[in-house]
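Below you'll find the structure, written out as structure tokens, and then a few comments.
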Amino acid sequence: MLTRVIRAAAAVLAAIGPRRRKHSGLGPAAEDVIAAVTQPPPSRPVAELSTDELCTAWRRSYFQLLVARDAPARRSTVQRRQDYLDEIERRDRRGFVRWLDSGARAGGDPAPYLTRR
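For the sequence shown, the numbering used here gives the first residue as 19, with consecutive numbering after it.
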């Protein structure tokens, strides 16, 4: 299992290249990939996460889904991702729609489209 996780992280890091190590909103940040495959998702209810934590959890959950090892793990990750989307929409519907209209991607970052309060 660990070998699979390391290979998945290495493949994604290789794909994003050294020039995109810092998160630009255009692709995955290296720290998101590594954290997604080495750290569990937040255990707190999504309503208790800050907007930054929520967006980070959304990005990282994409990679967690990619390395999920069985159907129950995938179902759990998909449900958590749905919870993240519901909470983002609940907090800032206009920003959520702007993100979707921009061509939101499964591993993309909604943060630039959300209103900061």
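For glycine and all other residues, C-beta sits at the position ideal for the given N, C-alpha and C.
Bear in mind the structure is a predicted one, so any value in this text is a computation, not a measurement.
Check for me: the alpha helix (DSSP H) holding S94 runs from which residue to which?
89-109
Option in Y102, L118, A122, V96 with minimal Cα separation from V64
Y102
How would you write the range of the alpha helix (DSSP H) that Y80 sits in, first residue to last?
69-85
Who are the Cβ neighbours of E71 in its own chain at under 8 Å, not counting the five residues just before and after it?
P60
Taking the straight line between their C-alpha atoms, what separation do you get for Q82 and S94?
10 Å
For A47, count neighbouring Cβ atoms within 10 angstroms of its own Cβ and tell me buried if that reaches 16, exposed if not.
buried
Distance between S68 and L132 (C-alpha atoms, nearest Å):
12 Å
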